[in-house]
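Structure record follows, encoded as structure tokens.
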């Protein structure tokens with residue numbers, strides 16, 4: 319591997335610098351659920367698509383708000399990381415629990431220049447990524463699916479299934495009891 323010629327593309331460099339400063343200072347000064355409206359306003363100002371009734375905790379680290387779409391009544395919990403060099407779409411009634419890491423980028427290990435590669439992550443309605451789980455680039459988490467705590471997901475998760483482990487494997491079908 320020869321990284322001497324590696325150059326990261328900088329199409330959004332100024333916007334990224336502004337967001338980093340804003341996120342490290344002002345955004346984090348509005349903790350708690352009651353102040354979610356203020357945080358959502360800030361995220362909207364930086365290009366995120368997020369409704370007022372969704373919640374992104376102030377300790378969440380977001381790489382690029384302009385690549386974030388959150389649906390109605392969804393929650394991105396404390397100390398989560400959204401490395402969204404490509405879009406992350408979190409649809410309605412979803413939860414990303416504390417410490418989870420959603421990663422839309424990696425490097426091509428077969429190329430000596432080690433170029434960045436990206437692919438979006440999609441969480442369909444009513445899905446849940448539990449605490450400290452990792453979701454890799456290009457993954458779609460199906461409707462109603464659950465990714466167990468500390469699981470590592472590198473492939474799509476079928477709707478209404480529960481997966482866990484590293485790498486994540488099917489555990490059972492999810493059934494909702496009323």
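In our numbering, the protein residues as written are 319 to 496.
Each residue gets a CB set at the ideal place from its N, CA and C atoms; glycine is no exception.
Give the straight-line distance between the Cα atoms of residue 443 and residue 492, rounded to the nearest whole angstrom. Going by C-alpha positions, residue 443 is about 14 Å away from residue 492.
Where the alpha helix (DSSP H) containing residue 338 begins and where it ends: 331 to 342 is the extent of the alpha helix (DSSP H) around residue 338.
Quick one: give me the first and last residue of the alpha helix (DSSP H) that residue 423 is part of. Segment 423 to 425 is the beta strand (DSSP E) holding residue 423; no alpha helix (DSSP H) there.
When the Cα atoms are used, what is the spatial distance from residue 435 to residue 406? Note on geometry: alpha-carbon atoms of residue 435 and residue 406 lie some 15 Å from one another.
Which of helix, strand or coil DSSP assigns to residue 492: Residue 492: coil per DSSP, three-state reduction.
Starting from the N-terminal side, write out each stretch of the alpha helix (DSSP H) that is 4 residues or longer and does not extend beyond the region 391 to 422. Assignment of alpha helix (DSSP H) within the region 391 to 422, counting only whole runs of 4 or more residues, yields no such run.
For residue 364, the three-state DSSP class (helix, strand or coil): In the structure shown, residue 364 sits in coil (DSSP, three-state: anything other than H, G, I, E or B).
Secondary structure at residue 373, three-state DSSP: helix, strand or coil? Per DSSP, reduced to three states, the secondary structure at residue 373 is strand.
Host beta strand (DSSP E) of residue 481 (start-end): Taken as a continuous stretch (DSSP letters only), the beta strand (DSSP E) holding residue 481 covers 479 to 482.
Does the distance from the CB of residue 486 to the CB of residue 471 come in under 7 Å? The beta carbons of residue 486 and residue 471 sit closer together than 7 Å.
Is residue 347 helix, strand or coil by DSSP? It is helical.
With DSSP collapsed to three states, give me the class of residue 384. Taken through DSSP and simplified to helix, strand or coil, residue 384 comes out as helix.
Considering only the beta carbon of each residue, do residue 361 and residue 383 sit closer than 7 Å? Yes, Cβ-Cβ distance for residue 361 and residue 383 is below 7 Å.
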